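One structure is given here, and the rest of the page talks about it.
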DNA sequence: ATCGGACCTGTAGTAGCTATAGGTTCAAGA
DNA sequence: TCTTGAACCTATAGCTACTACAGGTCCGAT
């Protein structure tokens with residue numbers, strides 16, 4: 001018999017919005033849960049832990065799909081460590097990729113802006129670079145653009 | 001009388017998907033354009049330049065909203081340079097913010113993963129960290145999560 | 001009993017495309 | 001000239017991870 005928590009309690013204790021918790025339920029990360037007579041969700045400590053786990057994972061940038069996997073793995077602790085490691089390493093690699101792409105972006109932006117500074121007053125190099133047909137200033141890294 | 005380009009021509013010359021060009025039109029970045037008798041879009045060199053400008057901006061990570069602004073500014077080249085600079089600097093700042101957040105994320109991930117390595121075989125520290133109630137491993141930078 | 005806040009469901013919106021479905025037009029070869 | 005197949009058309013739904021309504025119900029404290 002653990003004390004029952006309302007959805008608002010869970011939200012407050014995990015720093016999550018109520019709507020987000022309902023969204024997690026709808027997308028299968030949180031289980032459908034017992035209801036009060038009036039239809040309000042009644043959670044217990046286990047649900048609180050699960051939500052905290054989800055939030056920590058999200059804070060570390062894991063996509064919901066990976067969170068799903070991590071939750072499944074955490075339910076059977078035997079033998080799961082290698083798989084957990086794989087998920088974590090994949091994510092780390094993704095993060096590092098993003099950093100690398102953003103850094104080359106940063107370089108390009110700085111170059112474009114600096115370029116403008118040295119031009120004579122009155123013509124805007126930034127616009128010229130953006131309009132440039134020659135594509136000479138372009139990043140050679142033609143990524144699919146999913147994010148940056 | 002400039003030669004007419006089909007939407008496919010524009011797509012090929014700018015490395016854009018046809019659907020994307022139509023999407024740009026629908027969202028007001030590309031103007032509504034003359035049609036052939038059969039209803040196909042007929043573009044000219046000006047449209048090609050405009051699309052190239054949009055794509056260059058996107059490659060540099062400018063959001064469409066900023067691209068809209070940059071396009072407007074590029075149409076009146078007098079006096080626009082300061083505003084263009086402002087947009088570019090704002091974007092640069094946003095990119096640097098993202099890099100900073102991703103780097104602290106990277107640090108956290110590495111710590112979590114390394115932590116796991118030093119634990120004894122068989123218990124999974126990664127899962128423990130994610131499940132940790134104490135929140136001790138958490139990023140202090142509680143960002144709104146719009147990205148990362 | 002009442003009243004205000006918390007809860008409910010369902011839907012639409014965010015960014016920036018991408019991917020269908022179901023139909024029409026165009027251009028090149030026979 | 002006819003045919004055929006690629007390219008075009010519109011409209012709509014899907015992607016991520018939420019967030020924000022609208023319109024209604026429930027609960028707990030006074």
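Protein chains in written order, with full-length UniProt numbering: chain B, 1 to 148; chain Z, 1 to 148. Note that the Cβ used here is the ideal one computed from N, Cα and C, for glycine as well. What you are looking at is a predicted structure, and each value in this text was computed from that prediction instead of being measured.
Asked	Found
Proximity test, Cβ basis, 8 Å: residue 66 (chain Z) and chain B	no
Alpha helix (DSSP H) segment containing residue 75 (chain B), residue limits	64–75
C-beta atoms of residue 41 (chain Z) and residue 35 (chain Z) nearer than 8 Å	yes
Contact list for residue 88 (chain B) against chain Z, beta-carbon separation under 9 Å	109, 112, 113, 116 and 126
Cβ distance (whole Å) where residue 29 (chain Z) is taken to contact residue 68 (chain Z) below 8 Å	6 Å
Alpha helix (DSSP H) segment containing residue 47 (chain B), residue limits	45–59
Alpha-carbon to alpha-carbon, residue 25 (chain B) and residue 53 (chain B)	14 Å
In DSSP terms, what residue 35 (chain B) is bridged to	B:41
Counted within 10 angstroms of its Cβ, other Cβ atoms place residue 98 (chain Z) as buried (16 or more) or exposed	buried
Short Cβ contact (8 Å threshold) for residue 113 (chain B) with residue 85 (chain Z)	yes
The alpha helix (DSSP H) enclosing residue 9 (chain Z), as first and last residue numbers	7–14
Classification of residue 61 (chain B) by the beta-carbon crowding that lies within 10 angstroms, buried from 16 upward	buried
Cut-off 8 Å between Cβ atoms - residues of its own chain near residue 18 (chain Z), not counting five sequence neighbours on either side	7, 8 and 11
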